[in-house]
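Asks: Residue numbering for the sequence shown follows our numbering, beginning at 340 and increasing consecutively.
In this text, a Cβ means the ideal position worked out from N, Cα and C, and glycines have one as well.
The model shown is predicted, which means the values in this text are computed figures rather than measured ones.
Here you go, one structure.
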Amino acid sequence: IHNQEKLTDYQTNPNLAVVGGFMCAETDEEAWEKADGWTFFQFALGLYNKEGPFAPGEVNIWERYQEWKATPAGQRRSGSELIGSPATIRERLRELQAAHVDQVILLNQAGRNTHQDICDSLELFAREVMPEFQADEANHQAWKQGVLNKEIELEVIDTEPFNITSRQAPTQAPTAAHRDMVSGSAGRPAAKRVS
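If you want it as structure tokens, here you go:
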């Protein structure tokens with residue numbers, strides 16, 4: 340946190356949420372197959388940030404996404420996703436639980452899934468994974484109350500290595516290197532017009 344000075348008095352909102360791609364299936368392989376394409380939205384935002392805006396029909400973003408997926412950047416998993424078997428997702432949620440994350444927002448609608456795929460995924464998750472974490476909610480709330488009451492002191496974490504915009508003045512336009520890093524398009528050619 341760079342500036343901890345309050346602008347005004349306000350009640351602390353201690354909730355911390357994490358957003359990630361989601362698909363729960365019987366096996367990791369099946370889940371990843373069904374989740375294929377979940378990064379499209381993120382890719383499209385990055386492409387517009389780097390090369391846009393585009394006139395309608397000017398760029399085939401799905402085609403560009405398919406090309407990007409074949410690159411090392413497109414193959415890399417973000418680490419934020421909850422994609423896999425119940426056991427795999429449970430393991431990832433335990434990591435988030437240990438970090439005292441309050442909410443996990445599941446991006447289940449991304450990719451080429453049918454309505455039934457999404458329902459099956461959520462039902463399997465609710466049946467096989469959620470009960471363990473619901474059972475521990477009282478402990479989490481007690482910990483959070485201890486933090487708010489200043490009975491538990493949190494460790495200060497250096498977040499500077501993850502702050503990709505900190506080296507820019509607020510009114511400075513993003514550099515090409517920054518746009519490439521954010522959009523995952525470093526080393527990619529500029530957009531081609533769709534004919």
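Expressed to the nearest angstrom, what Euclidean distance is found between the alpha-carbon atoms of Ala438 and Trp371?
Replies: Each residue's Cα considered, the two are about 25 Å apart.
Asks: Decide if Thr378 is buried, meaning its Cβ has at least 16 other Cβ atoms within 10 Å, or exposed.
Replies: So Thr378 ends up on the buried side.
Asks: From Lys345 to Pro353, what distance separates their C-alpha atoms?
Replies: Going by the C-alpha atoms only, they are around 15 Å apart.
Asks: Leaving out the 5 sequence neighbours to the left and right, which residues in its chain are closer than 8 Å to Asp441 when beta-carbon positions are compared?
Replies: Taken in chain order, the residues that qualify are Pro353, Asn354, Leu355, Ala356, His479 and Lys483.
Asks: Can you tell me where the beta strand (DSSP E) with Gly360 in it begins and where it stops?
Replies: It spans Ala356 to Cys363 - the beta strand (DSSP E) in which Gly360 sits, taken as one unbroken run.
Asks: Just grab the DSSP bridge partners of Gln442 for me.
Replies: Note: Gln442 sits in a beta bridge opposite Ala356.
Asks: Runs of 4 residues minimum, wholly inside the segment 368 to 424: which ones carry the alpha helix (DSSP H) assignment?
Replies: Entirely contained in the segment 368 to 424, the alpha helix (DSSP H) runs reaching 4 residues are, in chain order, 379 to 390, 400 to 408 and 411 to 414.
Asks: Going along the chain, which residues of its own chain have a beta-carbon closer than 7 Å to the beta-carbon of Val486, five neighbours each way excluded?
Replies: Here the set comprises Pro353 and Leu493.
Asks: Provide the residue span of the alpha helix (DSSP H) that contains Glu462, from first to last.
Replies: Here the alpha helix (DSSP H) through Glu462 covers His454 to Glu467.
Asks: Using only alpha-carbon positions, find the residue among Gly376, Thr347, Pro425 and Gln414 that is nearest to Ile400.
Replies: Comparing Cα-Cα distances from Ile400 to each of Gly376, Thr347, Pro425 and Gln414, the minimum goes to Gly376.
Asks: Evaluate Ala364 with the Cβ neighbour count: other Cβ atoms within 10 Å of its Cβ, from every protein chain shown; 16 or more gives buried, anything less gives exposed.
Replies: Flag for Ala364 reads buried.
Asks: Using the Cα positions of Thr410 and Lys489, report the straight-line distance between them to the nearest angstrom.
Replies: The straight-line gap from Cα to Cα measures roughly 47 Å.
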